[in-house]
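Input: a single structure, listed below in structure tokens.
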Amino acid sequence: MRFEVTRRDVMRFAGGAAIGAALSPMPWTLTDDLAIWTQNWRWIPRPSKGERSTATTACALCAAACPLEANCVGKSPIALRAAGGAQPLCSLGLTGHHLPWHPARITRPQRIERGAARPASVSIEAVVRETARAMAAARSGSGSVVVLDSRPDRSGSWAWQRLLASIEGAVVVATPGTEGSSLDALDALSSDATRLTTLDLAGARTILSFGAPVAEGWGRLSECCPGDVTLVQVEPMRSRSAELSDHWLPARPGTEGVLALGIANTLISASLVPSSVTESIADFAAYTDIVARFPLARVAAITGLAADDIALTARELAANGPTVVVAGEQPGGGPLRRSDRVAILGLNALLGSAGRIVDRAELLSPRAGEPLAPVARLESLPGRSVALLVIDASAGDVAFPWHVVDRKLASSALVVALSPYLAGTARHADFVVPTAPFLEAIHEIPSSRTEAAPALSISAPLLPAREGAIDPVAFVRMLASAGQIDLGGDWSSTESLARERVARIHAAAIGSVAQPSESASLPVASLASADELWDALAKGGRWTGDRAAANPERRVELAAGLGVDLTREVGAAQASDRTLKLVPRAARETTLTAVVSPVLSKLYRESQLRRSPGSATLSPRTAAALGLRNVRAARILTAGGSAHVSLSLDEGVMAGVVELTVAPDLIALGDAARADHRMAIDLLTPAADGSWSSIDAELVEG
124 MRFEVTRRDV MRFAGGAAIG AALSPMPWTL TDDLAIWTQN WRWIPRPSKG ERSTATTACA
184 LCAAACPLEA NCVGKSPIAL RAAGGAQPLC SLGLTGHHLP WHPARITRPQ RIERGAARPA
244 SVSIEAVVRE TARAMAAARS GSGSVVVLDS RPDRSGSWAW QRLLASIEGA VVVATPGTEG
304 SSLDALDALS SDATRLTTLD LAGARTILSF GAPVAEGWGR LSECCPGDVT LVQVEPMRSR
364 SAELSDHWLP ARPGTEGVLA LGIANTLISA SLVPSSVTES IADFAAYTDI VARFPLARVA
424 AITGLAADDI ALTARELAAN GPTVVVAGEQ PGGGPLRRSD RVAILGLNAL LGSAGRIVDR
484 AELLSPRAGE PLAPVARLES LPGRSVALLV IDASAGDVAF PWHVVDRKLA SSALVVALSP
544 YLAGTARHAD FVVPTAPFLE AIHEIPSSRT EAAPALSISA PLLPAREGAI DPVAFVRMLA
604 SAGQIDLGGD WSSTESLARE RVARIHAAAI GSVAQPSESA SLPVASLASA DELWDALAKG
664 GRWTGDRAAA NPERRVELAA GLGVDLTREV GAAQASDRTL KLVPRAARET TLTAVVSPVL
724 SKLYRESQLR RSPGSATLSP RTAAALGLRN VRAARILTAG GSAHVSLSLD EGVMAGVVEL
784 TVAPDLIALG DAARADHRMA IDLLTPAADG SWSSIDAELV EG
């Protein structure tokens, strides 16, 4: 019998097979099994088996020091959340337990050679030897030694000051853009200040913020002002703080100081400044002459704001006191120009808040009476004078353009970084010393300059430090031994110095400890021992000392710091029809660390709920004027170089402005490092005073 297969038979078989496959559970079961299998590779880290438990400590990823509770399996944290009644953690804090396993993590010292395909592992002895050699050369007069401190006032900061005390001209400098660094302009206002000054925000009813991300944790506003506070936000971008403010003033980039003088003009011309206030201003007549050059019509034309809005804001500030005016650091954008900050912070005197400019109470150091190197501002250092730069990013990082520091380095300068990751600022170093990250070591979180009272939290480790991690204080001891410098004492680790500091606080019996599980603070005097105070801090508590007393008799000088024409750069920006103002943009938490959890790439890449790294955004109107309306890939040109960016349009972006996402970068999100990798923030070139909040740029297709 002959078997014949016709075309009808083939079609019938194919149709039946398709229907059978759709109705059969087998293909879907195979697909499900494949999905499960691909998500359970044998090399994926798995929590160790063990009992479930919880542990409480403080988050060390920013100065807020939020108390957190970790769910643990065995000794491994698998989830983090806010402890007690504390505010919810940010995205960085929620995923903080991922960071010890970040792809950029290093456990051996690395040497970075420019042009090499990848870094090379070296011994810690080699790093110490090269660093000690550079220190010895500096001591003989061939340049200065500078330590860049990403989190000032730690015990580790004190250890660096102690080491550098034996080297003439050596200084410790806060990393550019560190929280509260904008307030150093207060020192120019207060002629009778004996220490660093700050602003006391406690009890304020109205806050006028120029660029400070107060809604994202800057200044701990929710704790200083727990009541109903009116927030007026001045910045060119629709940031989170701008969206949550009661009134947003979108002034053009670089015109913030002009706006401040326009508000001052309105306050004075409308007789809203009492005579008692004018008496506290030593140079009121000279200051009045300066602000008279900024009438409302001129200020409105320069800033792009309506004159009525400026006048209304000035009157509301005077009527709804106490009012405090702050100048902050825009995430990724750092501080405003110094002259702008002087103009902004000077408004506090006109509004009767000169008494809120207080001498900042200092946090007790681990040891008293020791010789210490001074703390200086980076802009005060001569150009090309630094022979050895040590970047201490062991407690965190700060996003800033490398040009700010690079112009201070000598041509043959050695740069050494301490960091858990080969990412962020550490990528600019010649050597990188691996340190233990958050959750693997003791980390101190002292108060920032935005706080009027000294404060301290301790982040206790929940994981053992990985082999190869170097304690920063132990590294200081290694350098001292190699350089034959006698530091005295027997301290040899961050924990030993931190315990000495806590013991001094307990002996002084000052301040109190707020614990996440308790509604009332516990006075230090009621604690039986320093160990008891240490345990309270290590479990998420925060010690707060006595707030600096207000000085109602304080006299200020407002005109001296305004020795530049604040409108000079406004006109220069119109030099080319294609010239835009480039404004860096980032979420605050991503600018305070070298890396973020790779899980957050879902926000930046897959869902694009946040703008992707290295993307540029401008308004449709600006894009049309530049002929870029239908362009999705462009090249951005600045004085610092050029880079290819993805281009997107947003009606919320100010005309004539391009917003560049500067953090997190690709390495921070977990991508493999490339030899040609360049961070977007390095496109920004700083002004003479070190500010980079906005610069000129051009966009071209390509």
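Going by this note's numbering, the sequence shown opens with residue 124, and the numbers climb by one from there. Glycine is no exception: its CB is placed at the ideal position from the N, C-alpha and C atoms.
Mind checking whether residue 561 and residue 300 have CB atoms under 7 Å apart? Here residue 561 refers to the residue found at position 438 when the sequence shown is read from its first residue. Here residue 300 refers to the residue found at position 177 when the sequence shown is read from its first residue. For residue 561 and residue 300, no; Cβs fall outside 7 Å.
What are the boundary residues of the beta strand (DSSP E) that residue 471 is part of? Along the sequence shown, read from residue 1 onward, the residue named residue 471 stands at position 348. Counted as a single uninterrupted DSSP element, the stretch harbouring residue 471 is not any beta strand (DSSP E) but the alpha helix (DSSP H) occupying residues 470 to 473.
Mark residue 604 as exposed unless 16 or more other C-beta atoms lie within 10 angstroms of its C-beta, in which case mark it buried. Numbered from 1 along the sequence shown, position 481 holds the residue referred to as residue 604. Classification for residue 604: exposed.
Would residue 649 count as contacting chain C if we go by Cβ distances under 7 Å? In the structure shown, chain C cannot be found, because there is only a single protein chain.
Taking Cβ positions, are residue 310 and residue 682 nearer each other than 7 Å? Translated into positions along the sequence shown, residue 310 becomes position 187. Translated into positions along the sequence shown, residue 682 becomes position 559. No, Cβ-Cβ distance for residue 310 and residue 682 is not below 7 Å.
Could you give the residue range of the alpha helix (DSSP H) that holds residue 284? Taking the first residue of the sequence shown as 1, we reach residue 284 at position 161. Residue 284 -> alpha helix (DSSP H) spans 278 to 287.
Local Cβ density within 10 Å of residue 110, reported as buried at 16 or more and exposed below that: Since the first residue of the chain shown is 124 and the last is 825, residue 110 is not available in this structure.
Assign residue 133 to one of two classes, buried (16 or more other C-beta atoms within 10 Å of its C-beta) or exposed (fewer than that). Sequence index remark: in the sequence shown, residue 133 carries index 10 (1-based). Here residue 133 is exposed, its C-beta having fewer than 16 other C-beta atoms within 10 Å.
Mapping DSSP to helix, strand and coil, what is residue 614? Position 491 of the sequence shown, counting from 1, holds the residue named residue 614. Note: residue 614 maps to coil in three-state DSSP.
Where does residue 539 fall in DSSP's three states? Stepping through the sequence shown from its first residue, residue 539 is reached at position 416. In this structure, residue 539 counts as strand in the three-state DSSP scheme.
Quick check on the burial criterion: 16 or more other C-beta atoms within 10 angstroms. Buried or exposed for residue 731? Taking the first residue of the sequence shown as 1, we reach residue 731 at position 608. Result: exposed.
Residues in the same chain with beta-carbon distance under 7 Å from residue 396, minus the five sequence neighbours each way, listed in chain order, please. The sequence position of residue 396 within the sequence shown is 273, counting from 1. Apart from sequence neighbours up to five positions away, the residues of its chain that approach residue 396 with a beta-carbon distance below 7 Å are 390, 473, ordered along the chain.
Going by beta carbon distance, what residues of the same chain come within less than 8 Å of residue 283, once the five residues before and after it are set aside? Indexing the sequence shown from 1 puts residue 283 at position 160. Same-chain partners within the cutoff: 270, 272, 295, 496, 513, 515, 599.
Is it right to say residue 697 is buried, meaning 16 or more other beta carbons lie within 10 angstroms of its own, or is it exposed? Numbered from 1 along the sequence shown, position 574 holds the residue referred to as residue 697. Since pLDDT at residue 697 reaches only 46, below the 50 mark, its modelled position is unreliable, and no value is offered.
Compare the beta carbon distance of residue 422 and residue 381 with 7 Å and say whether it is the shorter of the two. The residue given as residue 422 occupies position 299 in the sequence shown. The residue given as residue 381 occupies position 258 in the sequence shown. Their beta carbons are under 7 Å apart, which means residue 422 touches residue 381 by this criterion.
Considering only residues of the region 557 to 632, which uninterrupted alpha helix (DSSP H) runs meet the minimum length of 4 residues and lie entirely inside it, listed in chain order? DSSP runs (the alpha helix (DSSP H)) wholly in the region 557 to 632: 595 to 605, 617 to 631.
Per the DSSP calculation, residue 195 is bridged to which residue(s)? As a first step, residue 195 must be located in the sequence shown, where it is residue number 72. Beta-bridge pairing links residue 195 to 176, 200.
Can you tell me where the beta strand (DSSP E) with residue 764 in it begins and where it stops? As a working note, residue 764 is residue 641 in the sequence shown. Start and end: 764 to 772.
For the 8 Å Cβ check, are there 3 or more pairs between the region 247 to 261 and the region 485 to 499? Remark: fewer than three beta-carbon pairs, one from each stretch, lie closer than 8 Å, so the region 247 to 261 and the region 485 to 499 are not flagged as touching.
State buried or exposed for residue 837, treating a residue as buried only when at least 16 other CB atoms are found within 10 Å of its CB. One cannot answer for residue 837 here, as it falls past the ends of the chain, which runs 124 to 825.
CA-CA distance, residue 340 and residue 357? Indexing the sequence shown from 1 puts residue 340 at position 217. Indexing the sequence shown from 1 puts residue 357 at position 234. In this structure, the CA atom of residue 340 is about 17 Å from the CA atom of residue 357.
Burial state of residue 249 (16 or more Cβ within 10 Å): Against the sequence shown, residue 249 aligns to sequence position 126. Around the C-beta of residue 249, fewer than 16 other C-beta atoms lie within 10 Å, and the residue is accordingly described as exposed.
Quick one: what's got a C-beta closer than 7 Å to residue 494's C-beta in the same chain, skipping five residues either side? Working through the sequence shown from its first residue, we reach residue 494 at position 371. Answer for residue 494: 288, listed in chain order.
Coarse secondary structure for residue 399, derived from DSSP in three states: Locating residue 399 in the sequence shown gives position 276, counting from the first residue. If DSSP states are grouped into helix, strand and coil, residue 399 belongs with the helices.
Residue burial classification, residue 367 (beta-carbon count within 10 angstroms, cutoff 16): Within the sequence shown, residue 367 is the residue found at index 244, counting from 1. Classification for residue 367: exposed.
Helix, strand or coil for residue 697 per DSSP? For the purposes of this step, residue 697 is taken as the residue at position 574 of the sequence shown. Note on residue 697: pLDDT 46, under 50, position unreliable in the model; no value is reported.
Here's the rule: buried if 16 or more other CB atoms are within 10 angstroms of the residue's CB, otherwise exposed. What is residue 779? Reading the sequence shown from its first residue, position 656 is the one you call residue 779. Residue 779 sits buried, since 16 or more C-beta atoms from the chains shown fall within 10 Å of its C-beta.
For residue 635: DSSP bridge partner residues: For the purposes of this step, residue 635 is identified with residue 512 of the sequence shown, where counting begins at 1. Answer is 646, 667, bridged to residue 635.
Rounded C-alpha distance that separates residue 119 from residue 183: What is shown of the chain runs 124 to 825, which leaves residue 119 out entirely.
Please determine whether the Cβ atom of residue 195 lies at a distance below 6 Å from any heavy atom of the ligand ADP. No copy of the ligand ADP occurs in the structure displayed, which carries no ligand at all.
Hey, residue 326 and residue 445 are a contact pair by Cβ (cut 8 Å); roughly how many whole angstroms apart? Translated into the one-based positions of the sequence shown, residue 326 becomes position 203. Translated into the one-based positions of the sequence shown, residue 445 becomes position 322. Right, their Cβ atoms sit about 6 Å apart.
List in chain order: all unbroken alpha helix (DSSP H) runs of 4+ residues lying wholly within the region 324 to 408. Counting only runs of 4 or more, we get 344 to 347, 363 to 367, 379 to 392, 398 to 401.
Pick helix, strand or coil for residue 304, following the three-state DSSP scheme. Translated into the one-based positions of the sequence shown, residue 304 becomes position 181. Taken through DSSP and simplified to helix, strand or coil, residue 304 comes out as helix.
Please report the straight-line C-alpha distance between residue 752 and residue 758, rounded to a whole angstrom. By 1-based counting over the sequence shown, the position of residue 752 is 629. By 1-based counting over the sequence shown, the position of residue 758 is 635. Just so you know, the alpha carbons of residue 752 and residue 758 end up roughly 14 Å apart.
Looking at the structure shown, is residue 821 part of a helix, part of a strand, or coil, going by DSSP? As a first step, residue 821 must be located in the sequence shown, where it is residue number 698. Per DSSP, reduced to three states, the secondary structure at residue 821 is strand.
Between which two residues does the alpha helix (DSSP H) carrying residue 433 extend? As a first step, residue 433 must be located in the sequence shown, where it is residue number 310. Here the alpha helix (DSSP H) through residue 433 covers 430 to 442.
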